[in-house]
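Here the protein sequences come in this chain order: A and B. Residue 53 in my numbering sits at position 47 of the first sequence, and the numbers go up by one each step. Residue 53 in my numbering sits at position 47 of the second sequence, and the numbers go up by one each step.
Number of protein chains: 2
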Amino acid sequence: MGIQWTLSAGEIEKESFRIIFEETQNTPLAKLPPAEWKIARRLIHTTADLHIADTLVFSGNPIKAGIEALLSASPIFCDSKMIRSGLSMQKLQSINPDYSETHLLCSISDSDVIEKAQKENRTRALCSVEKNKDKLDNAIVLIGNAPLALAQICQYVLDGLVKPALIVGMPVGFVNVVESKELLTQCPVPYISLLGRRGGSALAVTTLHAIMENILK
Amino acid sequence: MGIQWTLSAGEIEKESFRIIFEETQNTPLAKLPPAEWKIARRLIHTTADLHIADTLVFSGNPIKAGIEALLSASPIFCDSKMIRSGLSMQKLQSINPDYSETHLLCSISDSDVIEKAQKENRTRALCSVEKNKDKLDNAIVLIGNAPLALAQICQYVLDGLVKPALIVGMPVGFVNVVESKELLTQCPVPYISLLGRRGGSALAVTTLHAIMENILK
Chain A
7 MGIQWTLSAG EIEKESFRII FEETQNTPLA KLPPAEWKIA RRLIHTTADL HIADTLVFSG
67 NPIKAGIEAL LSASPIFCDS KMIRSGLSMQ KLQSINPDYS ETHLLCSISD SDVIEKAQKE
127 NRTRALCSVE KNKDKLDNAI VLIGNAPLAL AQICQYVLDG LVKPALIVGM PVGFVNVVES
187 KELLTQCPVP YISLLGRRGG SALAVTTLHA IMENILK
Chain B
7 MGIQWTLSAG EIEKESFRII FEETQNTPLA KLPPAEWKIA RRLIHTTADL HIADTLVFSG
67 NPIKAGIEAL LSASPIFCDS KMIRSGLSMQ KLQSINPDYS ETHLLCSISD SDVIEKAQKE
127 NRTRALCSVE KNKDKLDNAI VLIGNAPLAL AQICQYVLDG LVKPALIVGM PVGFVNVVES
187 KELLTQCPVP YISLLGRRGG SALAVTTLHA IMENILK
């Protein structure tokens, strides 16, 4: 089959979802409830990896928590610029017109954060969490890159200092990643995570977009 | 092992690369030449998937072509905002101080592109390529999302209309993706691709960052 030039974005998405549904019918994913399935489906759609959702976990009714936070225009902490730019402001504003760029908390490239990280020989991600500590209550936290950012927020939660509305904990990599996700599983807050090493900015973004599907469609 | 809080970003990267090296020693990746290995290593680093580079292909001396294009501050076409925001302007300017935001060609959210796509019921990605057609000669093309963007650029190349310096063809998904990469393999331009369905914005970005390693270190 050659290139199908004339498909619209909506048609491509529909056909992609049909293929994903078909190819996961004999897997445990087929047994997920509808809202959880929407997330698994989008994770597969984003990576074209039929096994990406195999380690997906939910705790504390996180989809309901995410929906409520979105409806009340909760701020969204982003651990990377790729997350911030990947989020659809159009969708956010369709959910709540109050949403604006100022709701997207992303300090990873702020000059004070870069300076502090260099001076203290720590990661920028860690310093960017510290900078936003006072804004994390009732926030949606999206982590797709930096395990230390996730670990620091989990530590704040465990110490009773902050209480986010929802944590999407999907850092990726080989150092501190598995450990940061284990810390997340100890936290008494709603969370969605991909256990193990896998994750990524696109995965954190698509998880929130999948939650939005429950409101927008 | 618990969280290693005090590691710097450089130390985390070094340890990650050590683990990746160790875990790929008995695979065909261990036989890659140094510059190609740098790309495979970063693809694995970005996804934490040891198999992501299994379908990596190179054609037309693409790393050399990419290095030359970067050194002469060639424009960089990005098919998504996530690619544009993921690229390190600091690294680009370290390679050539002429680099600025105007070198990053990304029209996917331009109002005229959105309007045209809606009016003609086509994808925004396709319309954004058409808008930048005159700027693709000697450009670096990064595709991590939209197969139709890749297919359209390949068609321009095959029709002799444009000649990019390098194409990183890594769209992701279930529709038009495999086909667009097959079209790329027919193009007489330097390219790097991940055959099959896999790809992503982060993978296209990291490929160019891996090429930069040959200049910056």
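Positions of the beta carbon are idealized from the N, C-alpha and C atoms, including for glycine. If you're wondering where the values come from, they're calculated on a predicted model, not measured in any experiment.
For a cut-off of 8 Å, the C-beta gap from A145 of chain B to P170 of chain B is around 5 Å, short enough to register as a contact.
DSSP places Y105 of chain A in the coil class of the three-state scheme, outside both helix and strand.
Assignment of I120 of chain A by DSSP, reduced to helix, strand and coil, places it in the helix class. Assignment of beta-bridge partners to F83 of chain A by DSSP yields A:L111 and A:V147.
For F27 of chain A, the nearest beta carbon of chain B is not closer than 7 Å to its own beta carbon. Under the three-state reduction of DSSP, S14 of chain A is assigned to coil, being neither helix nor strand.
The beta carbon of E107 of chain B does not come within 7 Å of any beta carbon belonging to chain A, so the residue lies off that interface.
In the DSSP assignment, G175 of chain B is bridged to B:I149 and B:S199. As DSSP reads the structure, S207 of chain B sits in no beta bridge.
Burial is judged here by how many other beta carbons sit within 10 angstroms of a residue's own beta carbon; Q158 of chain A has at least 16 and is buried. The alpha carbon of N138 of chain B has as its nearest neighbour, out of B:E126, B:S113, B:K125 and B:I120, the alpha carbon of B:S113. Among the residues of the segment 48 to 60 of chain B, those with a Cβ less than 8 Å away from any Cβ of chain A are H51, T52, T53, A54 and D55, in the order of the chain.
A distance below 7 Å between beta-carbons, with the five flanking residues on each side excluded, links L201 of chain A to the following residues of its chain, in chain order: T61, V63 and K187. Between E21 of chain A and chain B, the shortest Cβ-Cβ separation is below 7 Å. Of all alpha-carbon atoms in A:E136, A:A46, A:G16 and A:T53, the one lying nearest the alpha-carbon of I198 of chain A is that of A:A46. With distances taken between CA atoms, M218 of chain B lies nearest to B:I101 out of B:H109, B:P40 and B:I101. The C-beta of T129 of chain A comes closer than 7 Å to at least one C-beta of chain B.
For S134 of chain A, the enclosing alpha helix (DSSP H) starts and ends at R130 to K137. Per DSSP, reduced to three states, the secondary structure at S78 of chain B is coil, with no helix or strand assignment.
The straight-line gap separating the alpha-carbon atoms of E121 of chain A and V163 of chain A is approximately 26 Å. Taken through DSSP and simplified to helix, strand or coil, V181 of chain A comes out as coil. Per DSSP, the unbroken alpha helix (DSSP H) holding L49 of chain B starts and ends at P40 to T53. Leaving aside the five residues that flank R90 of chain A on each side, the residues in its chain whose CB is nearer than 7 Å to its CB run, in chain order, C84, L110 and C112.
One Cα belongs to S86 of chain B, the other to A71 of chain A, and the distance between them is close to 29 Å. Bounds of the beta strand (DSSP E) holding L62 of chain A are L62 to S65. Of the candidates A:L98, A:S65 and A:H57, the residue whose Cα lies closest to the Cα of L77 of chain A is A:L98. V178 of chain B reaches chain A at T52, T53 and A54, counting residues in chain order whose Cβ is nearer than 8 Å.
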